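Its first residue numbered 1, the sequence shown is counted upward by one per residue in our numbering.
Where a beta carbon is used, it is the ideal one built from N, C-alpha and C, also for glycine.
As the structure is a prediction and not an experimental result, all values here were calculated from the model.
So the structure is just underneath, and the comments pick up after that.
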Amino acid sequence: MKTLFFSLLLVAVGLVGQAQEQKITQLEEAKVGFAPLDAKITQSGDSFSYKVEEEYEGEFTKDAIAFMKANFDIQNFISEFEEDKYSSYVVTFRSSKGHLSADFNKEGELVKTFQKFQDIALPLDVRREVYMANKGWTMTSNKYIASGNGDLLEKEIYKVKLENGNQKRNVKLDSRSVSGTSVAVNQ
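Below you can see the structure in the form of structure tokens.
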């Protein structure tokens, strides 16, 4: 009898639960954008500095312009400052290895860029060129300097410092000439 009573009670609760009306709540669109009070960004006139947070070491230095495009929305950024009516925006992206300065016009188009990084992992073809031209030498430091218009780099230079015992050597490579010509060396 007890079992029958509990079984009927469970069935009744189940039917009541299914018969209840279900409400659908319509949510408003959520907008995600640039937050000017974010501690990663500081402002000085029409220049802004953005502290880069990489998911892994070298993510930013590997391709700084692609990183900027993937992680920074210039249109949302401009909309936050539209009342200031700047004619251009200079945004500098900084990491522990260096920086990328990007100059945007008032419509948000990338006008020019400048990059400078130090002690980075060199691209494979640059490493090979330095090694083949300087066997027995050890790289002690390097610098990467690049500039261009829009998102195209027009000038890319690697400056590498090498040591071999008491001897020191500075090597300067233009990334466009790495594929088959010799390396410029200053002794």
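Exercise for the section: Can you grab the Cα-Cα spacing for the pair Ser147 / Ser44, in whole Å? Expected result: 22 Å
Handout entry: Cα-Cα separation, Thr113 to Glu156
Key = 12 Å
Practice task
Indicate whether Arg169 and Asn142 have their beta-carbon atoms separated by less than 8 Å.
Solution key: no
Handout entry: Terminal residues of the alpha helix (DSSP H) in which Leu124 lies
Key = 124 to 133
Exercise for the section: Confirm, please, whether the CB-CB distance from Val126 to Ser175 is below 8 Å. Expected result: yes
Problem - Three-state secondary structure (DSSP) of Glu83 - result: helix
Practice task
With a 10 Å radius around its C-beta and 16 neighbouring C-beta atoms as the bar for buried, classify Ser88 as buried or exposed.
Solution key: exposed
Exercise for the section: Kindly give me the distance between the Cβ atoms of Tyr50 and Val91, rounded to whole angstroms, as I take these residues to be in contact under 8 Å. Expected result: 6 Å
Practice task
Compare the Cα-Cα distances from Asn166 to each of Glu59, Thr140, Ser177, Lys172 and report the closest residue.
Solution key: Thr140
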